[in-house]
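Number of protein chains: 2
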Amino acid sequence: MHRAQLLAWAPVLFQAAWVLRERGLLRELIARVAQGASVDELATATDTSPYGVTVLLEAGLATDLVVQQEGRFRPTALAYLVERDPMTRANMNFVQDVCYRAMGHLGEAIASGKPAGLAELGPWSTVYAGLAELGEPARTSWLEFDHFYSDDSFPLVLPQVFSSRPARVLDVGGNTGKFALACLGYDPDVRITVADLPGQLESCRREVEQAGDGRRVSYHPVDLLALDAALPAGHDVIWMSQFLCCFSEVEVVHILRLARSVMGPATRLLIMDNFWDRQQTRAAEVVLQAASLYFTCVANGNSRLYDSGTLRRCVERAGLEIVDERHGVGLGHSLLECRGAPGAATGAAPGGR
Amino acid sequence: MHRAQLLAWAPVLFQAAWVLRERGLLRELIARVAQGASVDELATATDTSPYGVTVLLEAGLATDLVVQQEGRFRPTALAYLVERDPMTRANMNFVQDVCYRAMGHLGEAIASGKPAGLAELGPWSTVYAGLAELGEPARTSWLEFDHFYSDDSFPLVLPQVFSSRPARVLDVGGNTGKFALACLGYDPDVRITVADLPGQLESCRREVEQAGDGRRVSYHPVDLLALDAALPAGHDVIWMSQFLCCFSEVEVVHILRLARSVMGPATRLLIMDNFWDRQQTRAAEVVLQAASLYFTCVANGNSRLYDSGTLRRCVERAGLEIVDERHGVGLGHSLLECRGAPGAATGAAPGGR
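Protein chains in written order, with my numbering: chain V, -7 to 345; chain U, -7 to 345.
Following this line, the structure appears as C-alpha cells:
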C-alpha cells in the first residue's frame, strides 16, 4: 500500500524533488549534514519562504530524500544522488524538460501509434525532424541525455571495430559525427562513410570538418524508410550505434536487410545498443524500461529500447547471424557482431517493411 | 541508485501505470493470473497494439506492477491495488486530472506563494473560487478525492459532538452541507448554523433543503479572511472539519481567534483534520505529505496538511487549549476538542492576520 501511494503521487513527488534540487535546498542540506538544518536556516540560505521549505521537505520525507529529527532535517543517500550523480541529474532533466508535459498524452500515443506528446514541444511529426529547432531547456536536456548514454563507450569498442583492420567503415545513422571522428582519431588511414537523413548530414559535416580530417569522410544522404532506400556497398565494417532503437521492429528488419544486401562474406555488421535485459543493475534496467515510453510518446510513436531477444529475432529475420556478443560495455551497452547467415538470401526481401 | 532512477522517471512510470489501468490491461492481467498473459493475448483483449502492450508492460516491470516469466506476464499485489483499491484509484485520478499538468509549475508556486499551477485548470485565483466551474474530468476527480477523505468519519465522531447535548452547532466552512445534514439526522432538535463564503452557502442551502429539515439550519455568509470578519455567537459547539488545512498558519490563528471571541466558558470547539504525523501507516503519511503540494500549487499557494504540532501551536496562539484529542478516526482523521484557555484574552488580537 505504501508503494501504491508512492506510485499514485509519483508526479507530485518528482516535482518536489526537482524543486528541492533547483532551489538549492539539497545543496544546503548536504552542506549542513553534520548538524542538520532547520526550516528557517534553509529558508534564509535559499531565499525561499519557510512555508515553501516546509512543504518541500515534507514531500522529501515521503520520498526518503530527507530525514527529520527534532525539527532538523538531514539528507539521505538518495538526496546525494539526486543532487550530485550525473546520470540521475541527466535523467531528471530529460524527464522534466522533454517528457513531463508530453507524457500526459501517453494514452493517446498508445491508441494512435503517433508520438502524441511531441506537440507539447513543437509542431513536428517526429522528434528527429524537430531536433534542430527544439527550444530550451528541452534541447540542452535532450542532448545531455543522449550523449550521456553514448559518448563514453566509443573508446571501449574501437579496438574490436578495428580488429580486422577495416579500410572503409560505413556509419549508419551517424548523427553528429562523433563516431566518425573517433574512428578518424583511432586509425590514420580509415575512410568513413556516414549515412543519415540529408538534414542531419549537414550538421555532421560541419562537426567533422571542424574537428577532424574531413577528406577521409564521405556522406550518403538517405531516408532508410523509403521503399527505394539503399546503402552504399564496398565497406568492411557497417556500424549502427544507438540507432535501431529509433525504429519499430518491422523497420529494424527492413534496415538490417538493406545492410545485408551490401554485405559480402567478410563484411562485419556491428550493432551497439542498450538492452534492458542485459544490464548489470536494476537501476539501469529501470531507466531503459521507462525510457522506451519517451520513444512511444515523444520521439516517433513506434520504437523502443529493445530486449536482446527481440533484436536477435530481427537480426535473424534479416538473413544475418550474431557471431559475437559483448554486454556490459561502458554504461550498459551491448556490442553485437553479425555476418550474413550462410544460405540466407541476400537483398531486401519483399514485404520487409 | 535504483530508487534514484525510479524517482527520476516517476512521472513517466505513473503515466504508464495509468494507461495500464485505463486501457484495461491490469483488469485482463488479473483475469488471467493463473496462467499468465502473453503480449498478443492482452493486445487482443484490450484492443491495443502489441507494441503498445509491450512498452506498457515493460514500464510495469520497472514499477513492479507485473512480473514476467517465459514471455507471460502476471500482476503483482501492487497491480491489484492500482486496479481495485478505492483509495489508490481516487489518488491516481486526482493526481492525473487535477494535479499533473499543474505540478509542472511547482517551482513558480514556491517562488511566488501563489497556486501557479491552477492556470492549467482555469482562470481563478484559488481553486475554491473555481470549483463550481471546474471542467471534467477534473471536477469529478476533485470531488471524489475530497469526499473519500471526509465522508466516512462523520458517523464515527457524532457521538462525541453530541455528548454535551448541544442545542446549537456552528459549522465553520460547511461546504456542501454534509456535516449539517449528518447532524440533523443524528439529533431531532439540534439547530445548525453554517458559516461559509456566500457563493458556497447557496449550493449548501440547495443540498440541505433537498435532503433534510431546512427549517433547523441557518446560514452565515462570511469571508473569514476579511479584516472585519465575525462569527455568530450563541453556539454550544463550533465545528471545523478539514477546513484549517485550506489556510496558512497566520490565517489559521486568525480564524481560531474569531472562534475564540464568540466562545463562552462552556463552548466546545471541535477540529477534525488529518495530521501526517498521526497516521497509522506509512502509506497514509506519504499521501498527506504529497497532497500538501496540491495546496501549494493548485488550491491556494499557502496552506498545507499540517502536522499535529503545528496545529497545536496555532490553537495555543489563539488563546485556546486542547482538552481532548483522538487520532486514527476513520481514514486517519484526528479530532481535537478545544476550550478557551483560562486567563487568555478573548477577542481577535491585533496583528492576528
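Even glycine gets a Cβ: it sits at the ideal position worked out from N, Cα and C. The structure presented is a predicted model; accordingly, all values stated were derived computationally and were not measured.
- Within the region 171 to 245 of chain V, the runs of beta strand (DSSP E) at least 3 residues long that lie entirely inside it are, in chain order, 183 to 188, 209 to 213 and 229 to 233.
- When beta bridges are read from the DSSP output, V:D163 appears opposite V:V186 and V:W231.
- The straight-line gap separating the alpha-carbon atoms of V:Y120 and V:L173 is approximately 22 angstroms.
- V:A203 and V:L21 have their alpha carbons spaced roughly 42 angstroms apart.
- V:Q234 and V:V31 have their alpha carbons spaced roughly 45 angstroms apart.
- With three or more CB-CB distances shorter than 8 angstroms, the region 289 to 298 of chain U counts as touching the region 110 to 119 of chain U.
- Scanning U:P151, U:S142 and U:V149 for the CA closest to the CA of U:K170 turns up U:S142.
- Contact check for U:V279 against V:V4 fails: the beta carbons are separated by 8 angstroms or more.
- Within the region 268 to 282 of chain U, those residues whose Cβ lies closer than 9 angstroms to any Cβ of chain V are, in chain order, W268, T273, R274, A275, A276, E277, V278, V279, L280, Q281 and A282.
- Counting only residues of its own chain and dropping the five nearest sequence neighbours on each side, V:R19 has a CB closer than 7 angstroms to the CB of E75.
- Contacts with chain U (Cβ-Cβ distance below 7 angstroms) from the region 77 to 93 of chain V involve D77, T80, N83, M84, V87, C91, Y92 and R93, listed in chain order.
- V:E112: not part of any alpha helix (DSSP H); DSSP gives it neither H nor E.
- The region 33 to 42 of chain V makes no contact with the region 94 to 106 of chain V: fewer than 3 CB pairs, one atom from each, lie closer than 8 angstroms.
- Annotated three-state conformation of V:Q(-3) is helix, per DSSP.
- Neighbours of V:G44 across chain U, judged by C-beta separation under 7 angstroms: I102.
- In terms of CA proximity to U:Y211, U:N167 leads the group U:R157, U:N167, U:M84 and U:I314.
- Within the same chain, and ignoring the five residues on either side of V:T80 in sequence, the residues whose Cβ sits closer than 8 angstroms to its Cβ are L73 and V74.
- Think of a sphere of 8 angstroms around the beta carbon of U:H(-6): the chain V residues whose beta carbon falls inside it are T273, R274, A275 and V278, in chain order.
- Per DSSP, V:M84 is one residue of the alpha helix (DSSP H) stretching across P78 to F86.
- V:G165 counts as buried, since at least 16 other C-beta atoms from the protein chains shown sit within 10 angstroms of its C-beta.
- Distance between V:L312 and V:E14, taken at the CA atoms: about 48 angstroms.
- DSSP places V:A130 within a helical segment (H, G or I) once states are collapsed to three.
- At a Cβ-Cβ threshold of 8 angstroms, V:A54 and U:A282 count as neighbours.
- Nearest neighbour of V:L223 by Cα position, chosen from V:T273, V:V47, V:R64 and V:A251, turns out to be V:A251.
- Look at V:W1: its C-beta is under 8 angstroms from a C-beta on chain U.
- Look at V:M95: its C-beta is under 8 angstroms from a C-beta on chain U.
- Ranked by Cα distance from V:A221, the first of V:T46, V:L248, V:D265 and V:A333 is V:L248.
- A residue is called buried when at least 16 other Cβ atoms come within 10 angstroms of its Cβ; U:H227 meets this threshold and is buried.
- For V:H325, DSSP records a beta bridge to V:V321.
- Checking the DSSP bridge columns, you'll see U:E313 partnered with U:R331.
- Those residues of the region 235 to 256 of chain V placed with their C-beta closer than 9 angstroms to a C-beta in chain U are S240 and E241, ordered along the chain.
- Neighbourhood of V:R160 in chain U, by CB distance below 8 angstroms: empty, with the nearest CB roughly 36 angstroms away.
- A direct Cα-Cα distance of roughly 18 angstroms separates V:L70 from V:H(-6).
- In this structure, the beta-carbon distance from V:S300 to V:R270 falls below 8 angstroms.
- When C-beta distances to chain V are compared with 7 angstroms, the residues of the region 287 to 312 of chain U below that value are T288, N294 and R296, in chain order.
- Taking all protein chains shown into account, U:A23 has fewer than 16 neighbouring C-beta atoms within 10 Å of its C-beta and is therefore exposed.
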